[in-house]
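Residue numbering for the sequence shown is 0 to 202, as defined by numbering that gives the first Met the number 0.
Glycine residues also receive a C-beta, built at the ideal position from the N, C-alpha and C atoms.
Below is one structure, written out as structure tokens; comments come after it.
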Amino acid sequence: MKITEALFSGSSTRISEKPKQKFPEFAFIGRSNVGKSSLINMLCRNKKLAMTSSKPGKTRLVNHFLINREWYLVDLPGYGYAKMSATGKQKLEQVIRNYLNFSDEMVMLFVLIDSRHDIGKVDMDFLTELGLGQIPFAIIFTKGDKNGPNALAAQVEKNKKQILELWEELPPTFVSSSETGLGRDEILDYIESVLESLKKNEK
């Protein structure tokens, strides 16, 4: 898939505030500072599309970007951010859950996990919650340029085995780097294949 146009279409905290024009939605979420905004900008080849920050927890709203006037890329707030008040955390969780549970247009959730580390409890708990809620998701292991290829492959394999302790089969998985563009084609091709399947089912 080639992205020829990416337009910011609005921010929201609840489903009723989403853009009125309906298209399939592919949402991106991960722990704070996992590199979500950088990944989104890399996919769209627009460094200014999603706001990046060295401070975790920058995204507090659900942001919709209309891609090729065909589908939405949805930037969700991060989860598991420790340096936030209990009230702030609760509000963010409500924003996230409201979207995940009630957005009829969301067809896939990409969960971003740092490829350099074992999958932490916060991530595993979130993945378990998605499974219980029957929310379709794929996993993107980010920051794939930070370790050497052997260390990267070993860590990703270890993380896949950890996931298989809870699931009978792996969800779709990708390895990415916003610095090198690693994984860009694979992720966009996967999105294109899902869109094609939706079109076939509509006929």
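Reduced DSSP secondary structure (H/G/I, E/B, other) of residue i
| i | result |
| --- | --- |
| residue 193 | helix |
| residue 131 | helix |
| residue 121 | helix |
| residue 186 | helix |
| residue 18 | coil |
| residue 62 | strand |
| residue 2 | coil |
| residue 72 | strand |
| residue 48 | coil |
Contact under 7 Å by Cβ, residue i with residue j
| i | j | result |
| --- | --- | --- |
| residue 33 | residue 141 | yes |
| residue 101 | residue 14 | yes |
| residue 24 | residue 71 | yes |
| residue 10 | residue 62 | yes |
| residue 87 | residue 30 | no |
| residue 132 | residue 175 | no |
| residue 155 | residue 114 | yes |
| residue 177 | residue 38 | yes |
Residue i, buried or exposed, once every other Cβ within 10 Å from all chains shown has been counted against 16
| i | result |
| --- | --- |
| residue 77 | buried |
| residue 169 | exposed |
| residue 195 | exposed |
| residue 199 | exposed |
| residue 7 | exposed |
| residue 181 | buried |
Element boundaries [beta strand (DSSP E), containing residue i]
| i | result |
| --- | --- |
| residue 24 | 24-29 |
| residue 175 | Element bounds for residue 175: n/a, residue is neither H nor E. |
| residue 37 | Premise fails: residue 37 lies in the alpha helix (DSSP H), 35-43, not in any beta strand (DSSP E). |
| residue 137 | 136-141 |
Opening and closing residue of the alpha helix (DSSP H) in which residue i lies
| i | result |
| --- | --- |
| residue 95 | 85-101 |
| residue 163 | 148-163 |
Through-space distance from residue j to residue i, alpha-carbon basis
| i | j | result |
| --- | --- | --- |
| residue 184 | residue 0 | 7 Å |
| residue 146 | residue 201 | 43 Å |
| residue 65 | residue 116 | 32 Å |
| residue 162 | residue 123 | 8 Å |
| residue 121 | residue 105 | 23 Å |
| residue 158 | residue 135 | 19 Å |
| residue 59 | residue 21 | 22 Å |
| residue 107 | residue 137 | 7 Å |
| residue 190 | residue 84 | 36 Å |
| residue 173 | residue 129 | 18 Å |
Residue i CB to nearest heavy atom of the ligand NAD below 6 Å
| i | result |
| --- | --- |
| residue 195 | Only the bare structure without any ligand can be found here, which leaves the ligand NAD out of the picture. |
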